[in-house]
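Undergrad:
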Amino acid sequence: MAEPSSAARLVPFFPTHVIAEPWPAFEAHAGALRDAILARRAAHPDETPRWSSGTDLPDWGGEAARALCAHVQARIDAMTVDKAQDGDRRRFRWAATLWADLLTRHGAIDLHAFPGTSWTAICCIDDGYGGDADPMLGGELVFLDPRYPEVRTRTPELRTRRQDGSADQHEVRLRAASGQIVIFPSWLMHGVRPFGGGGSRISIAMTFRADRLR
10 MAEPSSAARL
20 VPFFPTHVIA
30 EPWPAFEAHA
40 GALRDAILAR
50 RAAHPDETPR
60 WSSGTDLPDW
70 GGEAARALCA
80 HVQARIDAMT
90 VDKAQDGDRR
100 RFRWAATLWA
110 DLLTRHGAID
120 LHAFPGTSWT
130 AICCIDDGYG
140 GDADPMLGGE
150 LVFLDPRYPE
160 VRTRTPELRT
170 RRQDGSADQH
180 EVRLRAASGQ
190 IVIFPSWLMH
200 GVRPFGGGGS
210 RISIAMTFRA
220 DRLR
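Per the numbering used here, the sequence shown starts with residue 10, numbered consecutively.
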């Protein structure tokens, strides 16, 4: 069997930029956001396991919602380059849309994307696990490989080997954690697996569209 050269290395071309990080100001704003979302749900009840607010969250989310939006916008600014920009003069501005999602037991969100926008972010306000680390509770954020199903149509049981030696998968799952923000390109298909926690999963979703300045 041919042995790989000691100089060989696996180079991941065309990576998808996904950032998962804690919101530094979470403790300062979490209570206000949670209270505002629960009050909104009480005023606009829905008996299904998934409740979503309208996209008017900035109107009733207060300073906490504005602080979250400003933080995420600063992060996507740092991740985005306008190759035609002349000096410090910006050619685009971000138009943000925000709404809240609340899942109760068995609630889920189907796979979807956001055409017409550049970036999407999700901030978990309350993961609903109540400190329970049981992986069977589900509720993970799921990302679908954008190459799927092409990478499984010929010989599904054959997979490429990743840098850590494991087999490539067609989806990635991230377990929710209160205070975590996940930022990713809006074309990336994503959803939430059925949630089985004892509490309510509360999150804020954001999309950012690049509007050209005149």
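Note that CB positions come from ideal geometry on N, CA and C, so glycine has one too.
#1: What residue range is occupied by the uninterrupted beta strand (DSSP E) comprising glycine 40?
#2: Check whether the segment 205-214 touches the segment 126-143, taking contact to mean three or more Cβ pairs, one atom from each stretch, closer than 8 Å.
#3: Enumerate in chain order the residues of its own chain whose CB-to-CB distance from glutamate 149 is below 8 Å, with the five nearest sequence positions on each side excluded.
#4: Within the same chain, show all residues whose beta-carbon is closer than 6 Å to that of threonine 106, passing over the 5 residues directly before and after it, in chain order.
#5: Mark threonine 25 as exposed unless 16 or more other C-beta atoms lie within 10 angstroms of its C-beta, in which case mark it buried.
#6: What residue from Gly147, Phe22, Ala51 and Asp95 has the CA that sits closest to glycine 116's CA?
#7: Would you mind reading off the limits of the beta strand (DSSP E) that contains glycine 200?
#8: Quick one, are the C-beta atoms of phenylalanine 123 and alanine 219 less than 8 Å apart?
#9: When the Cα of leucine 197 is compared with those of Arg221, Val81, Thr162 and Asp154, which residue comes out closest?
#10: What are the boundary residues of the beta strand (DSSP E) that includes proline 124?
#11: Have a look at the DSSP bridge pairing and note the partners of tryptophan 103.
#12: What is the residue span of the alpha helix (DSSP H) that proline 194 lies within?
#13: State whether the segment 66-75 contacts the segment 87-102, with contact taken as three or more CB pairs (one from each stretch) at a distance under 8 Å.
#14: With the cut-off set at 8 Å, would you say glycine 188 and aspartate 141 are in Cβ contact?
#15: Pick out whichever of Gly174, His179, Arg170 and Phe152 has its Cα sitting closest to the Cα of proline 158.
#16: Considering only the alpha carbon of each residue, which of Leu111, Ile85 and Leu120 lies closest to serine 62?
TA: Short version:
#1: For this step, residue 40 is matched to residue 31 along the sequence shown. According to the DSSP assignment, glycine 40 belongs to no beta strand (DSSP E) but to the alpha helix (DSSP H) extending over 35-52.
#2: yes
#3: By one-based count along the sequence shown, residue 149 stands at place 140. Correct list, in chain order: Arg182, Leu183, Arg184, Ala185, Val201 and Arg202.
#4: Position 97 of the sequence shown, counted from the first residue, corresponds to residue 106. The residues are Thr64 and Thr216.
#5: For the purposes of this step, residue 25 is identified with residue 16 of the sequence shown, where counting begins at 1. It is exposed - the Cβ of threonine 25 has fewer than 16 other Cβ atoms within 10 Å.
#6: Here residue 116 corresponds to residue number 107 of the sequence shown, with the count starting at 1. Residue Gly147 is the option with its Cα nearest to glycine 116.
#7: The residue given as residue 200 occupies position 191 in the sequence shown. Per DSSP, glycine 200 belongs to the beta strand (DSSP E) from 199-201.
#8: Against the sequence shown, residue 123 aligns to sequence position 114. Against the sequence shown, residue 219 aligns to sequence position 210. No, Cβ-Cβ distance for phenylalanine 123 and alanine 219 is not below 8 Å.
#9: As a first step, residue 197 is located in the sequence shown; it is residue number 188 there, counting from the start. Among Arg221, Val81, Thr162 and Asp154, the Cα nearest to that of leucine 197 is on Asp154.
#10: As a position in the sequence shown, residue 124 is number 115, starting the count at 1. It is not in any beta strand (DSSP E) - proline 124 carries neither H nor E in the DSSP assignment.
#11: On the sequence shown, position 94 is the one that residue 103 refers to. DSSP output for tryptophan 103 lists Ala219 as bridge partner(s).
#12: The residue given as residue 194 occupies position 185 in the sequence shown. First-last for proline 194: 189-194, but that is the beta strand (DSSP E), not the alpha helix (DSSP H).
#13: no
#14: Residue numbering aside, residue 188 sits at position 179 when the sequence shown is read from its first letter. Residue numbering aside, residue 141 sits at position 132 when the sequence shown is read from its first letter. Not closer than 8 Å, so no.
#15: For the purposes of this step, residue 158 is taken as residue 149 along the sequence shown, with counting starting at 1. The shortest C-alpha separation from proline 158 is found at His179.
#16: To locate residue 62, count along the sequence shown from 1; it is residue 53. For the residues Leu111, Ile85 and Leu120, the minimum Cα distance to serine 62 belongs to Leu111.
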